[in-house]
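Residue numbers (this note's numbering), protein chains in the order written: chain X, 9 to 367; chain B, 9 to 367.
Take a look at the structure below.
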DNA sequence: AAGTGCCGAGACAACGTTGTCTGGGAGTAG
DNA sequence: CTACTCCCAGACAACGTTGTCTCGGCACTT
């Protein structure tokens with residue numbers, strides 16, 4: 009039951025390749041060959057080895073194997089996400105895992121929480137573990153440190169946001185196009201006073217979505233009221249509070265375009281609290297679970313995080329296997345999903361309305 | 009730019025401890041001491057070493073270190089979840105990561121998808137990587153294979169569901185109590201014909217929630233109509249379809265108790281489609297994002313997956329650090345959150361009503 | 001029948017690091 | 001001034017595995 013007190017040197021109860029060799033009556037190296045599926049081994053010996061492995065519950069030590077092998081593969085990749093528990097990140101994670109699974113590769117994950125220092129710490133931790141590759145949603149605006157970290161021998165793929173200071177494959181959603189489409193959609197439904205609410209400006213996707221909004225407004229010949237642009241929202245409460253402010257103003261917007269999940273949800277909460285959810289139009293960037301069950305159901309620009317993860321993983325494995333063609337940029341299309349909130353007509357509200365609202 | 013073609017033996021551009029030693033003018037072992045924070049090193053030499061490390065971008069190889077160290081720690085733990093992308097799993101994941109982070113430990117994750125074979129495959133993969141410990145939401149009903157896999161030297165903690173065939177710490181939600189409370193709550197609101205809809209019967213938590221439902225019914229002296237017990241629902245569409253069937257029956261239930269997230273959402277969809285969401289009461293086991301924004305907001309028995317992950321990780325690290333007290337069972341309380349759907353009064357519907365409903 | 005070639009198995013070294021042991025230098029006490 | 005102690009740095013081996021080389025034996029060729 010407890011660990012076997014063998015008088016021999018071995019400290020742990022775990023069998024080593026040598027033990028298997030002795031049990032099977034062959035040499036250490038022959039066991040290695042069987043474990044690695046080398047075909048030239050005599051089938052009789054191979055069978056003996058397999059029986060000994062079974063009997064001793066031998067499990068190869070990948071660490072030792074990696075150390076000695078010439079390719080230095082650990083069979084492990086690293087995945088740095090904004091937060092493993094948010095729906096976008098975890099959908100991406102799952103897609104990466106599925107690609108890894110087909111190759112017998114395991115995935116180390118970490119949450120960055122938009123913290124550049126944490127990004128570097130985790131990159132270092134993964135370097136020390138000699139991950140075969142890294143997929144990262146960058147939190148900082150400079151990834152040149154990865155050159156030192158990985159010495160050019162570990163492929164990197166950027167997802168969701170471009171990296172800087174390191175040429176690498178990049179998988180991006182069509183943020184500008186998607187945001188333009190959302191804004192155009194609101195304009196097409198008659199809206200003129202449209203507010204944009206976005207995430208931290210230092211996040212590239214937030215800037216791109218903002219850009220798309222501006223593009224569509226300019227294209228339609230509409231002037232953008234700068235007070236209707238609210239950047240740097242990162243939490244539900246922050247968004248909720250800002251939307252409340254916006255809607256209490258003298259000239260409130262008739263439509264909202266929210267640049268991120270949590271902002272969208274904050275906006276929904278604010279609209280609900282003010283009883284304006286059937287009055288003020290809303291389109292959110294990035295889909296979220298149950299968006300279709302809200303009232304009205306929330307129109308969104310859906311991203312495809314699973315596709316992004318899959319493409320990123322495929323790109324990474326292709327690099328790991330030696331592809332050294334120039335870095336590619338993969339665009340994953342977004343999709344406008346009409347559900348109701350984005351199709352509400354503009355209703356210009358008077359000061360009296362707003363007074364009534366707020367009672 | 010490309011890898012340096014040193015005429016020396018080293019194949020990769022990465023510096024080894026030996027290179028640092030040469031650059032710093034000290035012995036290999038002194039570098040090792042500095043890297044490991046051994047205090048007895050002359051501060052002057054230590055500084056030289058640190059400078060050399062910086063200059064060469066040296067990163068220790070944890071694999072090689074693990075191989076040689078007497079404690080054999082990899083600084084990596086494994087986490088086996090049902091599916092990294094579902095909200096319960098990913099909240100748990102995040103909590104485990106946060107505990108690991110404070111200890112400089114990294115987390116390997118895998119999704120089991122309720123597949124026993126996958127559970128064994130991943131356990132084996134993690135054994136081969138010599139994870140320091142394993143936190144697992146078991147998918148199979150027998151974990152005795154882990155004894156062979158880990159040879160007793162790798163601690164295991166079960167979360168969300170008990171394991172079998174292996175004594176180990178276990179972190180569980182109070183499923184029976186929570187389900188009893190939910191059912192009692194419906195009974196207290198006057199319901200008599202209450203349906204239970206649950207996940208696969210082979211999942212322990214599904215059995216426990218079912219049990220809690222039966223307990224509360226018996227306690228109230230109510231007979232349970234066996235046709236109102238619907239087990240083995242695992243997806244939203246399956247749940248939706250079954251709920252539709254139930255509500256079209258001659259004597260439909262006036263309240264639903266759903267034993268799992270996806271089943272709850274399926275039920276919400278069905279109720280919406282039938283226009284019965286304000287008529288038939290609903291309580292779901294396990295909270296989910298936006299439950300409070302639906303109409304009516306969904307009353308739930310909330311679990312605390314973050315707490316479960318935190319306690320599980322703490323237990324695991326305590327074992328890794330040598331705690332060999334008898335295995336403990338940790339109960340994480342559930343909480344009834346009243347939001348509206350669970351407080352609807354019973355409305356007995358006639359056949360005419362149902363006919364009208366279905367039009 | 002002898003020489004050649006080939007193939008499969010084992011001996012040995014090495015991967016990058018740390019545990020252990022040794023030696024030398026400095027400091028202290030007699 | 002000598003002898004003893006203490007402490008720090010380095011030499012060496014070892015962790016579990018795989019790459020390389022060698023050797024023995026068998027089959028085939030001439």
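A virtual CB, placed ideally from N, CA and C, is assigned to each residue, including glycine.
It should be emphasised that the depicted structure is a prediction, and the values quoted were computed from it without experimental measurement.
query, result
"Identity of the residue in 228(X), 221(X) and 243(X) nearest residue 234(X) by Cα", "221(X)"
"Supposed close pair residue 244(X), residue 277(X) - CB separation, criterion 8 Å", "7 Å"
"Beta-carbon proximity list for residue 317(X), same chain, < 6 Å, skipping 5 on both sides", "100, 103 and 104"
"Interface residues of chain X facing residue 114(B) [CB-CB closer than 9 Å]", "86, 116, 117, 118, 130, 133, 134 and 137"
"6 Å CB neighbourhood of residue 203(B) in its chain, flanking five on each side removed", "236, 254, 261 and 264"
"Chain-ordered residues of the segment 91–104 of chain X with a beta carbon less than 9 Å from chain B", "91, 92, 93, 94, 95, 97, 98, 99, 100, 101, 102 and 103"
"As assigned by DSSP and simplified to three states, the class of residue 195(B)", "helix"
"Buried or exposed by the 16-neighbour rule on C-beta atoms within 10 Å, applied to residue 250(B)", "buried"
"Straight-line gap, residue 14(B) to residue 331(X) (C-alpha atoms, nearest Å)", "Since pLDDT at residue 14(B) reaches only 35, below the 50 mark, its modelled position is unreliable, and no value is offered."
"Coil, strand or helix - residue 85(B) by DSSP", "strand"
"Distance between residue 215(X) and residue 192(X) (C-alpha atoms, nearest Å)", "18 Å"
"Proximity below 8 Å, CB of residue 161(B) to CB of residue 180(B)", "no"
"Top-ranked residue by Cα proximity to residue 197(B), from 38(B), 352(B), 27(B) and 40(B)", "352(B)"
"Cβ neighbours of residue 57(X) in the same chain (closer than 7 Å, five flanking residues each side left out)", "28, 32, 34, 38, 39 and 42"
"Sequence-distant residues of the same chain with beta carbon closer than 6 Å to residue 285(B), five excluded per side", "279"
"Nearest-angstrom Cα separation, counted from residue 84(B) out to residue 109(B)", "11 Å"
"Integer-rounded CB distance, given that residue 218(B) should sit under 8 Å from residue 206(B)", "5 Å"
"Integer-rounded CB distance, given that residue 163(X) should sit under 8 Å from residue 324(X)", "6 Å"
"For residue 230(X), the first and last residue of its enclosing alpha helix (DSSP H)", "Careful: residue 230(X) lies outside any alpha helix (DSSP H) and carries neither H nor E."
"CB contact below 8 Å: residue 219(X) versus chain B", "no"
"Proximity of residue 152(B) and residue 118(B) at Cβ, strictly below 8 Å", "no"
"Length of the line joining the Cα atoms of residue 147(X) and residue 128(X)", "10 Å"
"Cβ pair count under 8 Å reaching 3, the segment 72–84 of chain X against the segment 138–145 of chain X", "yes"
"Within-8 Å CB hit, residue 68(X) to chain B", "yes"
"Opposing strand residues paired with residue 119(B) [DSSP bridges]", "89(B)"
"Where the beta strand (DSSP E) through residue 181(X) begins and ends", "177–181"
"Reduced DSSP secondary structure (H/G/I, E/B, other) of residue 291(B)", "strand"
"Interface flag, residue 243(X) vs chain B, CB-CB below 8 Å", "no"
"Residue 102(X) - DSSP class collapsed to helix/strand/coil", "helix"
"Partner residues on chain B for residue 121(X), Cβ-Cβ distance less than 8 Å", "Those within 8 Å of residue 121(X) in chain B number zero; the least Cβ separation is about 10 Å."
"is_contact[residue 171(B), chain X] using C-beta, thresh 8 Å", "no"
"Where residue 275(X) sits in the DSSP three-state scheme", "helix"
"Delimiting residues of the alpha helix (DSSP H) encompassing residue 23(B)", "That residue, residue 23(B), is in no alpha helix (DSSP H); it is neither H nor E in DSSP."
"Cutoff 8 Å: residue 26(X) Cβ touching any chain B Cβ", "no"
"Limits of the alpha helix (DSSP H) - the one that residue 327(B) falls within", "313–328"
"N- and C-terminal bounds of the alpha helix (DSSP H) containing residue 66(B)", "No alpha helix (DSSP H) contains residue 66(B), which DSSP labels as neither H nor E."
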